[in-house]
Structures are given as C-alpha cells and as structure tokens.
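A.B. asks: The sequence shown runs 14 to 627 under the working numbering.
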Amino acid sequence: MKADITQESLATTAIEADNTCPNREADSSYAFMKEGCLVVRHPPEGPYPLVIPCPGVRLIVNGQERTQATPVSMQDTVLVEVVNERREGEWSISISADGLQAKLRVSPTVVLYRELADLPPASKLQLAVVEREELLPPLTWDQLLEELSQLGINYGVDWQACSRGVASCTEEEVVIAQGIPAKPGKDSRVEFLFPTDSKLPVPVEEEETVDFRERYVFTSVEAGKILAVKYPPEPGHPGTSVKGDIIIPPSPRDCILVAGEGVVLTKDGERAVAARVGRPVATHRRNSVRVSVLPELMHTGDVDLAYGNISFKGDVVIAGNVEEGMKVEAGGNIRIGGLVSGARIQATGSILIRGNILTSVVIAGGIPTFMKEMLPQVRALAIGLREMIRAIYQLLGHPSFKQGDLKRGIGPLLRLLLEGKFRHLPTAAEAFRKQVETLPSGLAGEGLDEFIDEVERVVVRSPLVVRDLQEVEKLAQLASEWEQALASPPSAESDVVAANILNSTVIASGDIRVVGGGCYNSRIQADKKVTVTGVFRGGEIQAGGDVHVGELGSRGGSATRVMAGARATVTIKFAYENALVLVGARAYRFDRKEKDVCLWLDKEGNLQSRAIPA
14 MKADITQESL ATTAIEADNT CPNREADSSY AFMKEGCLVV RHPPEGPYPL VIPCPGVRLI
74 VNGQERTQAT PVSMQDTVLV EVVNERREGE WSISISADGL QAKLRVSPTV VLYRELADLP
134 PASKLQLAVV EREELLPPLT WDQLLEELSQ LGINYGVDWQ ACSRGVASCT EEEVVIAQGI
194 PAKPGKDSRV EFLFPTDSKL PVPVEEEETV DFRERYVFTS VEAGKILAVK YPPEPGHPGT
254 SVKGDIIIPP SPRDCILVAG EGVVLTKDGE RAVAARVGRP VATHRRNSVR VSVLPELMHT
314 GDVDLAYGNI SFKGDVVIAG NVEEGMKVEA GGNIRIGGLV SGARIQATGS ILIRGNILTS
374 VVIAGGIPTF MKEMLPQVRA LAIGLREMIR AIYQLLGHPS FKQGDLKRGI GPLLRLLLEG
434 KFRHLPTAAE AFRKQVETLP SGLAGEGLDE FIDEVERVVV RSPLVVRDLQ EVEKLAQLAS
494 EWEQALASPP SAESDVVAAN ILNSTVIASG DIRVVGGGCY NSRIQADKKV TVTGVFRGGE
554 IQAGGDVHVG ELGSRGGSAT RVMAGARATV TIKFAYENAL VLVGARAYRF DRKEKDVCLW
614 LDKEGNLQSR AIPA
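Okay, structure coming up:
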C-alpha cells in the first residue's frame, strides 16, 4: 500500500535583461533571482557569472542539465526548474493475537512544494528554494472497506474511529474494531474451616514465672467437626472476536478433596469431616487437597529409661521432662512441659519446650538446611555404587571370567574397579566424612554415623575383605535412602520456643525464640529469625533473618559470634567487647562495651550501624 515517489516540476522563465540593478557597475558580472526569474549581467568580453544548483532544483543550460557550478552568459538559454516531491503514505490493519482488537495504523502522504527563493546579485549565485509541506490522508473509504472485507472484520467495528483514521493526516494508531472477551470461569476451591497456621498465641497464666507470651499451642479439633468445604468450578461465558468467531473461555480447573488419615468425606465428596480428635492439616498437590487429622500422643510423665524413646507420626505432648540419653521424634509438633537434658528432640513441625534445654540437640523442620550441602557427595555415592554393582554383574556373567578367581570373595574385583572406573567414589566418601565431622556434636545421629563408617569400610579402608556382593547392594540402598532424605523438599517454617539453652545445639527451619534468661555455650541456627530476650554468652547464632539479642558476649571475652543473612538486621541491647557480628560478608567486632546497637547492610553492601532509640 506504498506508492513510489513521484515528482512534479515547475520551470522558471529564461534569462531576462537587467534593468533592476542601476547601482551595479556596468562592467561587473553577476546574476540574481527575483520572482522566479534568473537575471544575468556581464561585460561582452566576460567573465560570466556562475550559477550553482541546489537540491530540489534542476539547472538546464542550452538543453543540458548541469549539476555543478556553471558559467552562464546572457546569450545562453537557461531553464531553472523546481522539483516538487510526493511521498505516498502507508496504512495497514492488524488483528491482535487473541482476535479481540483490530487496529488501523496510518502514516500520511507528504507533498513537498518548492519555490525559487529571491537572491541578491552575486558573481557566484547559489540557488535556493523555499519549501512548503502538505500532509494528506493515505487511504480512502473504499480502500478501508475493501480491506475490512478481505480480513473478515465484521463485528464490533467502530465507524467513528474508522472515519478518524481515513481523515487522519498524522502518524497514529486507531482501534477500529473491538470484540468481546470471553469471561473466564471460576476454578474449584476448597475453604478451610480451621486455621491453616496451626500455631496460635497462648495467654499467660498467673502462676507462670517464665515469659511465654510468644510461645505457641497447636490447633486441635474434635471428631465430627467439618474441616473443609469444596466449591465446584463455575463455567465462564464465551466471547466474540472482531471476525465474529466465538471465543471459548478456558475450562475452569477442578480439584479433588481427598480424605487423609483421621478424616472422612460426605457422600457428595464436597465436605471433609474430622473422624477423631487431633490437629488438622492440609496439603496441596497439583489438583488435589488432602485434609488429615494428625493424632496426638499424650505422655503424662517423664521420658526416661523406664518409659523408653518416643517416635510418633503425629503430635507429641509430654507433661514432664525428657531425660539424658532419650529421644523424642514426631511427624507433627512436639510440646514438652518440663526440661530437656542430654536428649535428642526432632520434629517435622514446631517444638515448644516450657523448661530449659541442657546439653541436647533439638531440631524442628526435618533435615536442616546446612545438612543438604552433603547431598552432592551422597548422590555421587548412590549413583556410583549402583553403577558399580551393574558392572560387577556384567563381569561375573562374561564367558572369559573364571569364578575360581573369587574364592575369597569379590574384594579383589571391587578394589580393581575402585582403582579404575570408579576411583571417584573414595574421594566422595572422604569429602562426605569431612562434612559429617563439621556437624555439631550429636546432630548427625547414629544412622548417619553408621552409614559413613560403612561407606569408608567398603570403598576406602577395606574393599579387599568384602566377600559378598550383597554388602555392596545394602550400602547402595542406604546411600539411596540418604539421598532421598537429603533431597526432600524443605518443610514448612517450623519454630523452636524454649526458656533457656545451655551447651546445646538448636536448629529450626523457621524462627528460634529463647524467652527466659538466655543461652550459654550453644549453637543456634534458624532459617528465619532468632530472638534471645536475655543473654547469649559463648557460642554462635546463625540466622537467615533478623537477630535480636538482649545481651551479647561476656566480661571474660568468651568467643561469641552472630552470623546473619545479607538482608537481615541485627539488634543488640548490650554487647561486651570482642563479641563478633557478621551481616552477610561484613564483620563488626565490638572493641568496647556498647548499648542499643542496630547493624545492617545498605544497598551498596556496606555495613551500617545506628543506636536504637530509647
């Protein structure tokens, strides 16, 4: 729809006699332009004036066009023509990808008119023009209607917009047709009739001496309570494109309400009802919502040698203490009314300990984040052991292999493979051992320690004494189990709340709050926030979020360190000298006692500090 540039020419008159410049000397040579006429004057013997053409002008002397400076005499036949230009405009109609809108894009036709400019006498006359631009619409109504017909645009046409587009003399874009979009339906949804955050604040009892205002209890329901209601999907309404086609809305997504343990569904499958007392939980997967009621194990006394360890898939409530050497593991939350001494407490959910934590390991939230750093080595061991087992079976089945060579077991074959194709396995095992050794005391547990001992025995220390292939297969199975455990997705943010912590390791995927006197010689690690309302003296705090400490360090200068993420803020009410705080990669060591200090990194990564307002 773009035409070639056309030209229109207008010729001036030829040379005229000079009666207009009486003040010029009679023997001078010159030329000038006046009212579109070229005037030339020179003595009979010359010299002749020069005339120089310019863009938009054609200079024709004695029938030949000249493009350079040309001497012109009074006897020459000279024509000076101006060239008018016409640049045809452009226009197009496009339909949006969804078919709901048609746009007319217009670029106007430009006509450039030129006139010769009046010029004073000069021996070298540089011609010049005066230009005038006119803008014209690039299309007509007939052209627009024909294009609409060819494109099939017949719905929602805005004729007023079309009229503006046809008459437009500017470069613009006009919406000339608008369809009706399809109205999407509503996806199926599930409404929960219980708090999905299972942790609720507890009011303080009058006789309590420890400040537990920030502690939590866990939501519980009775049998027969309706836990969730499913609402079916609602269909949408179709739309219409600018071509008149029906636009079908996307089908709304449906979800399935699934009854987990402790839950039953009504006959229509749209209500989940608790079948027992416990804590309701909801888990989401692609197109299903599973509602369960986790059971609650109540233990009214202490967890000691007389009662034994506790391992329960739901919530665990212990009225008394957890004594030395004991373990409590729960698939839900753990609440302990007394203290924890020399024990190991681990829960997938949160842990609330009313008393103190003494020389113990407490983990909330499944596999700790920093333990997942061991996954590459464990994965290399699991894959390598499986491949090595296949290689051994292939060698044992080869016709040239003599079974008599393995009278004392497969040890020689195993060592041969470990020194050849699988020589990376001993390296991975040694790296794995070093990582395990850096874990806090008691954190690895018997299962992990036993696994690394067996790995080192088979692939590092004593491969020659391995007699049966089943030993390697058992080790490969253990490696796969640990790989699966370490690669499991992170659990929900699980918190730990306790009164005081002494000589212990406490880890949580959520927050850690110490609401009593404080912590002494302990390691505290939280993926989120750490709050110690009292003293933190000796040991280390690692936090992904903000850190708040009442009193940091000691008069004796015991090693005390706080490590927080680059986006965290560390707040300390009182700090002793030699206490160390790291925010991201920046360190701040207190060289004197300071009060009410707040530390953080600015946008440039520089460590900033300020006093906390009273």
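Cβ atoms here follow ideal geometry from the backbone N, Cα and C, with glycine treated the same way.
Spatial neighbours of Asn-36 within its chain, please: C-beta separation below 8 Å, excluding the five flanking residues on both sides.
C.D. replies: Start at 1 with the first residue of the sequence shown, and residue 36 comes out as number 23. The pLDDT assigned to Asn-36 is 49, lower than 50, so where the model puts this residue is not dependable, and the model offers no usable value.
A.B. asks: Going by beta carbon distance, what residues of the same chain come within less than 7 Å of Leu-488, once the five residues before and after it are set aside?
C.D. replies: What you label residue 488 is simply residue 475 of the sequence shown in a count that begins at 1. Same-chain partners within the cutoff: Leu-398, Glu-467, Val-468, Val-471.
A.B. asks: Can you tell which of Gly-338, Leu-63, Glu-235, Gly-314 has the C-alpha that lies nearest to the C-alpha of Ala-332?
C.D. replies: Counting from one through the sequence shown, the residue named residue 332 turns up at place 319. For Ala-332, the nearest C-alpha among the options comes from Gly-314.
A.B. asks: First and last residue of the beta strand (DSSP E) that includes Pro-134?
C.D. replies: On the sequence shown, position 121 is the one that residue 134 refers to. 132-135 is the extent of the beta strand (DSSP E) around Pro-134.
A.B. asks: What first and last residue would you give for the alpha helix (DSSP H) that runs through Leu-175?
C.D. replies: Sequence index remark: in the sequence shown, residue 175 carries index 162 (1-based). Before going further, note that residue 175 is Cys rather than Leu in the sequence given. Here the alpha helix (DSSP H) through Cys-175 covers 172-180.
A.B. asks: Between the C-alpha atoms of Ala-360 and Pro-248, what's the straight-line distance to the nearest angstrom?
C.D. replies: As a position in the sequence shown, residue 360 is number 347, starting the count at 1. As a position in the sequence shown, residue 248 is number 235, starting the count at 1. Distance between the alpha carbons of Ala-360 and Pro-248: 43 Å.
A.B. asks: Under 8 Å, do Val-53 and Leu-140 count as touching if we go by C-beta distance?
C.D. replies: Within the sequence shown, the letter at position 40 stands for residue 53. Within the sequence shown, the letter at position 127 stands for residue 140. No, they are not a contact pair.
A.B. asks: State the DSSP-derived secondary structure class of Tyr-406, mapped to helix, strand or coil.
C.D. replies: Taking the sequence shown and counting its residues from 1, the one referred to as residue 406 is at position 393. It is helical.
A.B. asks: Does the segment 259-271 come close enough to the segment 155-175 that 3 or more CB-CB pairs lie under 8 Å?
C.D. replies: These segments do not touch.
A.B. asks: Closest by CA to Val-187, which one among Leu-431, Ser-107, Leu-461?
C.D. replies: Here residue 187 is taken as the residue at index 174 of the sequence shown, counted from 1. It is Ser-107 whose Cα lies nearest to the Cα of Val-187.
A.B. asks: State whether the segment 331-346 contacts the segment 272-281, with contact taken as three or more CB pairs (one from each stretch) at a distance under 8 Å.
C.D. replies: no
A.B. asks: If contacts are defined as beta-carbon pairs under 8 Å, then Gly-192 and Ser-105 qualify, I think. What distance do you get, rounded to the angstrom?
C.D. replies: Working through the sequence shown from its first residue, we reach residue 192 at position 179. Working through the sequence shown from its first residue, we reach residue 105 at position 92. No, Gly-192 and Ser-105 are not in contact; Cβ-Cβ is about 19 Å, not under 8 Å.
A.B. asks: Just the Cα atoms here: how many angstroms apart are Thr-153 and Gly-112?
C.D. replies: As a first step, residue 153 must be located in the sequence shown, where it is residue number 140. As a first step, residue 112 must be located in the sequence shown, where it is residue number 99. The alpha-carbon atoms of Thr-153 and Gly-112 are separated by roughly 25 Å.
A.B. asks: Decide if the segment 117-126 is in contact with the segment 75-92; the criterion is three or more beta carbon pairs, one per stretch, under 8 Å apart.
C.D. replies: no
A.B. asks: Following the continuous beta strand (DSSP E) through Ala-377, name the residue where it begins and the one where it ends.
C.D. replies: As a first step, residue 377 must be located in the sequence shown, where it is residue number 364. Looking at the DSSP string, the run of the beta strand (DSSP E) that includes Ala-377 is 374-377.
A.B. asks: Any idea what DSSP makes of Pro-293, helix, strand or coil?
C.D. replies: The residue you call residue 293 lines up with position 280 of the sequence shown. Reduced to three states, the DSSP call for Pro-293 is strand.
A.B. asks: Tell me the DSSP secondary structure of Leu-113 in three-state form.
C.D. replies: Here the question's residue 113 lines up with position 100 in the sequence shown. Shown here, Leu-113 sits in coil according to DSSP, grouped into three states, outside any helix or strand.
A.B. asks: Less than 8 Å between the CB atoms is what I'm expecting for Ala-287 and Glu-235, so what's the real figure, rounded?
C.D. replies: Numbered from 1 along the sequence shown, position 274 holds the residue referred to as residue 287. Numbered from 1 along the sequence shown, position 222 holds the residue referred to as residue 235. About 7 Å separates the two Cβ atoms, so the contact holds.
A.B. asks: Run through the DSSP bridge pairs and tell me what Ile-108 is partnered with.
C.D. replies: As a position in the sequence shown, residue 108 is number 95, starting the count at 1. BP columns for Ile-108 point to Ala-115.
A.B. asks: Please go through the segment 472-541 and give each complete beta strand (DSSP E) segment of 3 or more residues, from N-terminal end onward.
C.D. replies: Restricting attention to beta strand (DSSP E) runs no shorter than 3 residues, the segment 472-541 encloses them at 509-511, 518-521, 525-527, 531-539, ordered along the chain.
A.B. asks: Since Gly-424 is in the alpha helix (DSSP H), which residue starts that stretch and which ends it?
C.D. replies: Residue 424 sits at position 411 when you count from the first residue of the sequence shown. Where Gly-424 is concerned, the enclosing alpha helix (DSSP H) stretches over 424-432.
A.B. asks: Are the Cβ atoms of Gly-327 and Gly-355 separated by less than 8 Å?
C.D. replies: As a working mapping, residue 327 is identified with position 314 in the sequence shown. As a working mapping, residue 355 is identified with position 342 in the sequence shown. No, the Cβ-Cβ distance between Gly-327 and Gly-355 is not below 8 Å.
A.B. asks: Where do the ends of the alpha helix (DSSP H) carrying Ala-602 lie?
C.D. replies: Here residue 602 corresponds to residue number 589 of the sequence shown, with the count starting at 1. In the sequence on display, residue 602 carries Arg and not Ala. That residue, Arg-602, is in no alpha helix (DSSP H); its beta strand (DSSP E) goes 599-602.
A.B. asks: Give me, in chain order, the residues of the same chain whose beta-carbon lies closer than 7 Å to that of Asp-604; leave out the 5 immediate sequence neighbours on both sides.
C.D. replies: Taking the first residue of the sequence shown as position 1, residue 604 is located at position 591. Once the five neighbours on either side are set aside, the close Cβ partners of Asp-604 are Glu-590.
A.B. asks: Quick check: what's the CA-CA separation for Tyr-244 versus Arg-289?
C.D. replies: Numbered from its first residue, the sequence shown carries residue 244 at position 231. Numbered from its first residue, the sequence shown carries residue 289 at position 276. Near 24 Å, if we compare the C-alpha coordinates of Arg-289 and Tyr-244.
A.B. asks: Can you check which of these residues, Leu-51, Met-311, Thr-80, Cys-67, is closest to Ser-86 by C-alpha distance?
C.D. replies: What you label residue 86 is simply residue 73 of the sequence shown in a count that begins at 1. Here the closest residue by C-alpha is Leu-51.
A.B. asks: Can you have a look at Trp-613 and say buried or exposed, based on whether 16 or more other CB atoms are within 10 angstroms of its CB?
C.D. replies: Taking the first residue of the sequence shown as position 1, residue 613 is located at position 600. Buried: at least 16 other Cβ atoms inside 10 Å.
A.B. asks: Which of the three DSSP states is assigned to Ile-166 in this structure?
C.D. replies: In the sequence shown, residue 166 corresponds to position 153, counting from 1. In the structure shown, Ile-166 sits in coil (DSSP, three-state: anything other than H, G, I, E or B).
A.B. asks: In terms of residues, what are the limits of the beta strand (DSSP E) holding His-437?
C.D. replies: Working through the sequence shown from its first residue, we reach residue 437 at position 424. No beta strand (DSSP E) holds His-437; the alpha helix (DSSP H) holding it covers 437-450.
A.B. asks: Who does Gln-139 pair with in a DSSP beta bridge?
C.D. replies: Counting from one through the sequence shown, the residue named residue 139 turns up at place 126. In the DSSP secondary-structure assignment, Gln-139 is bridged to Ile-65.
A.B. asks: Enumerate in chain order the residues of its own chain whose CB-to-CB distance from Thr-546 is below 6 Å, with the five nearest sequence positions on each side excluded.
C.D. replies: As a first step, residue 546 must be located in the sequence shown, where it is residue number 533. Excluding residues within five positions, the ones whose Cβ falls inside 6 Å are Val-528, Gly-563.
A.B. asks: By Cβ distance, which residues of its chain are closer than 6 Å to Met-401, with the 5 residues on each side in sequence left out?
C.D. replies: Looking up residue 401 in the sequence shown gives position 388. Closer than 6 Å at the Cβ level, and outside the excluded window around Met-401, lie Leu-430, Phe-435.
A.B. asks: Give the single residue among Glu-484, Val-95, Thr-296, Trp-172 whose Cα lies nearest to the Cα of Pro-66.
C.D. replies: The residue labelled residue 66 in the question sits at position 53 within the sequence shown. The option with the nearest alpha carbon to Pro-66 is Val-95.
A.B. asks: Classify Leu-409 as buried or exposed, calling it buried when 16 or more other Cβ atoms lie within 10 Å of its own Cβ.
C.D. replies: For this step, residue 409 is matched to residue 396 along the sequence shown. Its Cβ having fewer than 16 others within 10 Å, Leu-409 is exposed.
A.B. asks: Spatial neighbours of Pro-202 within its chain, please: CB distance less than 8 Å, with the 5 preceding and 5 following residues excluded, ordered by chain position.
C.D. replies: Taking the sequence shown and counting its residues from 1, the one referred to as residue 202 is at position 189. The amino acid occupying residue 202 in the given sequence is Arg; Pro does not appear at that position. Only Lys-243, Tyr-244, Cys-268 meet the Cβ criterion.
A.B. asks: Can you name the start and end residues of the beta strand (DSSP E) that Ser-301 belongs to?
C.D. replies: If you number the sequence shown from 1, residue 301 lands on position 288. Its beta strand (DSSP E) spans residues 301-307.
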